[in-house]
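This report concerns only the one structure given below.
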Amino acid sequence: MTVAVLELNDQHLIIQTEDGTVHAEPGFAQLTASGIETGERARAIAWQQPQHSYNQYWRQFNQLALPSKQRWARHHADIAFVQLKQLVDNAGAPENLILSVPGSFSDEQLSLLLGLASAVPVQISAVIDSALACCVGQETTNLVVELQLQQAVITRVSNAEGRQQIADQEIIPDLGIMQLYNAAARHISEQLIADYRYDPLHMSNGEQLIYDQLPHWLMRLGWEDEISVTLPSPQGELNLVLRKQQIAEILHQRLNGLNAIIKKHSSAKLCFSHSASLIPALLPQFADAELWAQNAGIENCFSVQEKLASEELHRIRELDIATQAKTQATKKAHQATHVLYQNHAYPLDHPLSIHLKDKQLSLVSTIDNRAAFVTVVENRQFKILHQEDGLEVQLPSACQPGKTLQVAGHKLRLIEVSNA
Numbered sequence: 002m003t004v005a006v007l008e009l010n011d012q013h014l015i016i017q018t019e020d021g022t023v024h025a026e027p028g029f030a031q032l033t034a035s036g037i038e039t040g041e042r043a044r045a046i047a048w049q050q051p052q053h054s055y056n057q058y059w060r061q062f063n064q065l066a067l068p069s070k071q072r073w074a075r076h077h078a079d080i081a082f083v084q085l086k087q088l089v090d091n092a093g094a095p096e097n098l099i100l101s102v103p104g105s106f107s108d109e110q111l112s113l114l115l116g117l118a119s120a121v122p123v124q125i126s127a128v129i130d131s132a133l134a135c136c137v138g139q140e141t142t143n144l145v146v147e148l149q150l151q152q153a154v155i156t157r158v159s160n161a162e163g164r165q166q167i168a169d170q171e172i173i174p175d176l177g178i179m180q181l182y183n184a185a186a187r188h189i190s191e192q193l194i195a196d197y198r199y200d201p202l203h204m205s206n207g208e209q210l211i212y213d214q215l216p217h218w219l220m221r222l223g224w225e226d227e228i229s230v231t232l233p234s235p236q237g238e239l240n241l242v243l244r245k246q247q248i249a250e251i252l253h254q255r256l257n258g259l260n261a262i263i264k265k266h267s268s269a270k271l272c273f274s275h276s277a278s279l280i281p282a283l284l285p286q287f288a289d290a291e292l293w294a295q296n297a298g299i300e301n302c303f304s305v306q307e308k309l310a311s312e313e314l315h316r317i318r319e320l321d322i323a324t325q326a327k328t329q330a331t332k333k334a335h336q337a338t339h340v341l342y343q344n345h346a347y348p349l350d351h352p353l354s355i356h357l358k359d360k361q362l363s364l365v366s367t368i369d370n371r372a373a374f375v376t377v378v379e380n381r382q383f384k385i386l387h388q389e390d391g392l393e394v395q396l397p398s399a400c401q402p403g404k405t406l407q408v409a410g411h412k413l414r415l416i417e418v419s420n421a
């Protein structure tokens, strides 16, 4: 019986199978003359064809009629179904699916989602709150920050009397990754207007270019104080310097709601899910907070899948922490320091970019947005920073010597180098 876990966050909808195969795509859709296109290909033309673009169908997941009549979709649920089926198909059509969903999903939305799953078809064996999934086995009370495309969910997961449970949960409706991207895009636009009298957000092609590059630029600023970028324009190539401190100040102005919740729960350990990694990466006041790897919650779901599947189908908001499958031996295991490929060792204390050309790999120890795959190790876990659509990647369950990272069929061995 094959099992997969689907983390239903529309910033990155991630499905992973038990063998570590991962497929991720954003919650974007494009309604075309021939059907509904979802994922990265829809996002890649979202600003060029905004009249046919949708990115709130998971947030507004319902069966209310769309504002204008469409050939292929009556409502947001029709659009979501296409993406749900595509995710399941890309995972090899597993027989059973564990759903990890944010607390913003209402009971009505979950009921509708289960109906769509039966039409895929795929059997839902468990539904767990995604914040609780990330905290499985944690010994502290945690305050978990998750960012979706258009909103944020802040969850306090308590640890009392041998059980972990959702104690408090708040939704910030207009603090999603898109609001942060929009703020950064306006800053870039203002710089270009001041320097060149050119506004890239005034034209669809320029707007698409900015939003295509923004995730990569902001990712790099998490590691560098400033970066130089070049943008094509009708005036030719335009040079621009982005500074981490300026971007951090702009983002900080939009975090009043988040800061108020954090202050209210100051006794809890502050944790950011992978979906909110931009905040601790750019804002120094959050640099010491815990940051979870992209597959942390998913791996936890696999580790307790028998416990999850043994309960009646409902939204799981509490768990007996004694069911955590991670052993002390795993926690104390050595951590790999390098990845070995073709007799060359590449350090894992910096991001690793892997290029694929003519079915051969080449590796560089930096963030390169032209690479097919970019990863970094955080908290003994590989975090995916970028992955080309369709690229086959198998991540090890932990960053330990002797395990392997597989990219497009190539095996890269993890090793530990002493005194490196």
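Residue numbers (this note's numbering): 2 to 421. Note that CB positions come from ideal geometry on N, CA and C, so glycine has one too.
Residue ranges of uninterrupted alpha helix (DSSP H) with 4 or more members, entirely inside the segment 79 to 158 and ordered along the chain, are 108 to 120, 131 to 136. When DSSP states are grouped into helix, strand and coil, Arg381 belongs to the coil group. Using a 10 angstroms sphere on the CB of Leu115, the tally of other CB atoms stays under 16, which defines it as exposed. Collapsing the DSSP output to three states places Gln236 in coil. Proximity of the segment 276 to 283 to the segment 216 to 228 meets the contact definition, three or more beta-carbon pairs being nearer than 8 Å. Counting only residues of its own chain and dropping the five nearest sequence neighbours on each side, Thr142 has a CB closer than 6 Å to the CB of Ser159, Asn160, Ala269. Shown here, Asp196 sits in a helix according to DSSP, grouped into three states. Taking each of Pro51, Ile248, Ile178, Ile167 in turn and checking the Cα distance to His188, the smallest one comes out for Ile248. If you draw a 10 Å sphere on the C-beta of Asn56, you find 16 or more other C-beta atoms in it, and that means buried. Across the structure, Lys86 and Gln165 are spaced so that their CA atoms are roughly 32 Å apart. Counting only residues of its own chain and dropping the five nearest sequence neighbours on each side, Leu239 has a CB closer than 6 Å to the CB of Tyr197, Leu232. Val418 sits exposed, since fewer than 16 C-beta atoms from the chains shown fall within 10 Å of its C-beta. Under DSSP, Pro348 takes part in a beta bridge, and its partners are His339.
Here His351 really is in contact with Ser366; their C-beta atoms are around 5 Å apart, less than 8 Å. Looking at the backbone, the Cα of Thr338 and that of Arg75 are separated by about 52 Å. Secondary structure note for Asp213: its alpha helix (DSSP H) is the uninterrupted segment 205 to 222. Leu181 carries a helical assignment under DSSP once its states are collapsed to helix, strand and coil. Within the model, the alpha-carbon separation for Gly298 versus Glu393 is close to 21 Å. Where Gln286 is concerned, there is no enclosing beta strand (DSSP E), because DSSP gives it neither an H nor an E. Bridge partners of Ile167 according to DSSP: Val158.
Fewer than three Cβ pairs drawn from the segment 295 to 313 and the segment 253 to 266 lie within less than 8 Å of each other, which leaves the two stretches out of contact.
For Ser354, there is no enclosing alpha helix (DSSP H); the enclosing beta strand (DSSP E) covers residues 353 to 358. Nearest Cα to Leu181 within the set Gln12, Pro122, Gln395: Gln12. Each residue's CA atom was taken as its position, placing Ile262 and Gln236 some 46 Å apart. Between Ser267 and His345, the alpha-carbon positions lie close to 45 Å from each other. Of the other Cβ atoms in all chains shown, fewer than 16 fall within 10 Å of the Cβ of His335; this residue is therefore exposed.
Apart from the 5 residues on each side of it in sequence, Ser276 sits with its Cβ closer than 8 Å to the Cβ of Asn10, Gln12, His13, Glu147, Leu148, Gln149, Ile178 in its chain, given in chain order. The beta carbon of Glu38 sits closer than 6 Å to those of Gln31, all from its chain and outside the five residues before and after it, given in chain order.
Secondary structure note for Leu7: its beta strand (DSSP E) is the uninterrupted segment 4 to 10.
Secondary structure of Phe62 (DSSP, three-state): coil. When DSSP states are grouped into helix, strand and coil, His266 belongs to the coil group. A residue is called buried when at least 16 other Cβ atoms come within 10 angstroms of its Cβ; Pro51 does not meet this threshold and is exposed. The beta carbon of Gly36 is closer than 6 Å to those of Trp73 in its chain, skipping five residues each way along the sequence. Residue state for His77 is assigned as helix, using DSSP reduced to three classes. Around the Cβ of His203, a 10 Å sphere holds fewer than 16 other Cβ atoms; the residue is exposed.
Within the same chain, Cβ atoms closer than 6 Å to the Cβ of Glu171 are found at Ile155, Ile262, the five residues on either side in sequence being excluded.
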